[in-house]
Amino acid sequence: MTLKIIWLLFIAVNLSAFISMLLDKYYAVKGKWRISEFFLLSHGFLSGGIGLLMAMIVGRHKLSKIKFRVVATLGTFVDLLIISILIFQDKIISLI
Numbered sequence: 001m002t003l004k005i006i007w008l009l010f011i012a013v014n015l016s017a018f019i020s021m022l023l024d025k026y027y028a029v030k031g032k033w034r035i036s037e038f039f040l041l042s043h044g045f046l047s048g049g050i051g052l053l054m055a056m057i058v059g060r061h062k063l064s065k066i067k068f069r070v071v072a073t074l075g076t077f078v079d080l081l082i083i084s085i086l087i088f089q090d091k092i093i094s095l096i
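Mapping of the sequence shown onto UniProt numbering: position 15 corresponds to residue 15, and the numbering continues sequentially without gaps.
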């Protein structure tokens with residue numbers, strides 16, 4: 001039960017990072033109030049790296065900014081670490 005909740009939270013954070021980044025791109029094109037870089041960067045690093053990286057590629061947004069590429073890459077590594085831990089725990093639990 002707990003692993004399902006963690007998976008759902010993980011997916012929700014990545015989806016939120018993806019949507020936030022694409023919204024920022026939309027706001028930039030329309031000349032509206034923008035989402036802060038601090039929010040996007042922290043959101044991407046704290047379990048939202050995959051969503052941030054995917055939004056950067058799909059929306060072609062913030063690709064030229066080094067700090068976004070670094071944070072998206074590090075955040076993706078953090079995400080992959082979390083995924084591997086969750087899979088490993090799930091396999092151990094199924095053995096018991």
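All residues carry an ideal CB built from backbone N, CA and C; glycine is no exception. Computed from a predicted structure; not experimentally measured.
Enclosing alpha helix (DSSP H) for residue i [first to last residue]
i	result
HIS43	37-45
TRP7	2-30
GLY51	49-59
Rounded distance between the beta-carbons of residue j and residue i, thought under 8 Å
i	j	result
TYR27	ILE35	7 Å
Cut-off 6 Å between Cβ atoms - residues of its own chain near residue i, not counting five sequence neighbours on either side
i	result
VAL13	SER47 and GLY48
ILE50	ASN14, THR76 and ASP79
PHE68	LYS62
PHE45	VAL71 and GLY75
GLY59	LEU22 and LYS25
Contact set for residue i: own chain, Cβ-Cβ below 8 Å, skip 5 residues either direction
i	result
THR73	GLY49 and LEU53
ILE82	PHE10 and SER47
Residues near residue i by beta carbon distance below 7 Å, same chain, minus five either side
i	result
ILE6	LEU86
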